[in-house]
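Peer 1: I am attaching a structure below and will ask some questions about it afterwards.
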């Protein structure tokens, strides 16, 4: 009798736990919107919980490890075998970690409303069945670890940590932009004569183009796509949107995309097509090699972006993925 009672109590406790978890997930409380610093640990936990809660909607893949052995996650929202894809990147620059939080919160929103929500008459299920959203929410987890803690001690490898501590930095570790090797991942797509000449907190493009593990993970994710329709690269700051086109042949399609983005956030679009100041960056690499619509959304008005701006940024981004999927469906 005692054994039976004990089993009953344990079963009841387990049911309560399951119900609690289900309730939390159903109310969209996985990704915190109140956490002022979205860390690698937060991302790792959120990916695990969301993919477990929505296995038919959201899948994850680790595309490699960083120099300090952190996972490079790629998420697939919707039908992974969809004929078309939208490619999203965030947290390429360490101190811009608010963008990973914004992206992950939107992923949770679409998962929670996948079978009931819609955009302009088309259900999310239909949109994301035809257009998969491929997301790398934290391209630079080592750098994010440095920036969110404001310390080099989070770099676990002693040799690597010693190198970080010797690198030039401006504004302290909270202003860190590069990865743990001192390479600015946004500038790792072509060796450029201008900019920093050696590893530091920002602006150093690396020894050779695409030589960083994080850059290679992005290229791996892209190579796994069959037909990327558009690119969304989340950065901070300025409340502007950078865009461009390879030649006049593609101008109309690219402008149409950034104009749609502007309808959500009101950010001023800046045409980078003729710019040579930032060659070697991800933006020019994508524009030149894919010829597809691209936008770099620069959120917030300070660096790091104060968390008090999170709700405003999220509200302007929330419908972007659905709208983009519908545009290219």
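Numbering (this note's numbering), first residue to last: 1423 to 1751.
Quick reminder that beta carbons are idealized off the backbone N, C-alpha and C, glycines included.
All values reported here derive from a predicted model rather than from experimental measurement.
Looking at C-alpha atoms only, which residue of 1472, 1687, 1520 and 1467 is the closest neighbour of residue 1534?
Peer 2: In the chain shown, counting from the first residue as 1, residue 1534 sits at position 112. Relative to residue 1534, the option among 1472, 1687, 1520 and 1467 whose CA is nearest is 1472.
Peer 1: Which runs of the beta strand (DSSP E) fall wholly inside the region 1465-1491 and span at least 3 residues, in chain order?
Peer 2: 1480-1487
Peer 1: Is residue 1513 closer than 8 Å to residue 1579 when the C-beta atoms are compared?
Peer 2: Along the chain shown, read from residue 1 onward, the residue named residue 1579 stands at position 157. Along the chain shown, read from residue 1 onward, the residue named residue 1513 stands at position 91. Against a cut-off of 8 Å, the Cβ pair of residue 1513 and residue 1579 comes out as no contact.
Peer 1: Would you kindly check if the distance between the Cβ of residue 1750 and the Cβ of residue 1506 is under 8 Å?
Peer 2: Along the chain shown, read from residue 1 onward, the residue named residue 1506 stands at position 84. Along the chain shown, read from residue 1 onward, the residue named residue 1750 stands at position 328. The answer is yes: Cβ separation under 8 Å.
Peer 1: Per DSSP, which residues does residue 1652 bridge with? Please list them.
Peer 2: Stepping through the chain shown from its first residue, residue 1652 is reached at position 230. According to DSSP, which records beta bridges pairwise, residue 1652 is partnered with 1508.
Peer 1: Can you round the beta-carbon distance between residue 1481 and residue 1498 to whole angstroms, since I take them to be within the 8 Å contact cut?
Peer 2: Numbered from its first residue, the chain shown carries residue 1481 at position 59. Numbered from its first residue, the chain shown carries residue 1498 at position 76. Their Cβ separation, rounded to whole angstroms, is 5 Å, which keeps residue 1481 and residue 1498 in contact under 8 Å.
Peer 1: Which residue from 1709, 1639 and 1729 puts its Cα closest to that of residue 1486?
Peer 2: Translated into positions along the chain shown, residue 1486 becomes position 64. Among 1709, 1639 and 1729, the Cα nearest to that of residue 1486 belongs to 1639.
Peer 1: Going straight from the alpha carbon of residue 1477 to that of residue 1469, what length do you get?
Peer 2: Walking along the chain shown from the start, residue 1477 turns up at place 55. Walking along the chain shown from the start, residue 1469 turns up at place 47. If you take the alpha carbons of residue 1477 and residue 1469, they lie about 11 Å apart.
Peer 1: Cβ of residue 1641 within 7 Å of any heavy atom in the ligand HEM?
Peer 2: The model depicted lacks the ligand HEM and carries no ligand whatsoever.
Peer 1: Compute the Euclidean distance between the alpha carbons of residue 1690 and residue 1565, then round it to the nearest angstrom.
Peer 2: Here the question's residue 1690 lines up with position 268 in the chain shown. Here the question's residue 1565 lines up with position 143 in the chain shown. Going from the Cα of residue 1690 to the Cα of residue 1565 covers about 28 Å.
Peer 1: If you pair each beta-carbon of the region 1652-1668 with each one of the region 1704-1722, do three or more pairs fall below 8 Å?
Peer 2: Touching, yes.
Peer 1: Taking residue 1736 as the reference, give the member of 1490, 1671 and 1722 with the closest Cα.
Peer 2: Here the question's residue 1736 lines up with position 314 in the chain shown. Out of 1490, 1671 and 1722, 1722 has the C-alpha closest to the C-alpha of residue 1736.
Peer 1: Among 1550, 1741, 1680 and 1726, which one has its Cα closest to the Cα of residue 1520?
Peer 2: The sequence position of residue 1520 within the chain shown is 98, counting from 1. Comparing Cα-Cα distances from residue 1520 to each of 1550, 1741, 1680 and 1726, the minimum goes to 1726.
Peer 1: Just reading off the beta strand (DSSP E) that residue 1690 is part of, what are its end residues?
Peer 2: In the chain shown, the residue the question calls residue 1690 occupies position 268. Unbroken beta strand (DSSP E) run through residue 1690: 1690-1693.
Peer 1: Report, in whole angstroms, the separation of the C-beta atoms of residue 1672 and residue 1713, which I expect to be a contact under 8 Å.
Peer 2: The count along the chain shown starts at 1 and reaches residue 1672 at position 250. The count along the chain shown starts at 1 and reaches residue 1713 at position 291. About 5 Å separates the two Cβ atoms, so the contact holds.
Peer 1: Do residue 1631 and residue 1610 come within 8 Å of each other at the CB atom, strictly closer than that value?
Peer 2: The residue labelled residue 1610 in the question sits at position 188 within the chain shown. The residue labelled residue 1631 in the question sits at position 209 within the chain shown. Cβ atoms of residue 1610 and residue 1631: closer than 8 Å.
Peer 1: Determine the direct distance from the alpha carbon of residue 1466 to that of residue 1704, and round the result to whole angstroms.
Peer 2: Indexing the chain shown from 1 puts residue 1704 at position 282. Indexing the chain shown from 1 puts residue 1466 at position 44. Rounded to the nearest angstrom, the two C-alpha atoms are 25 Å apart.
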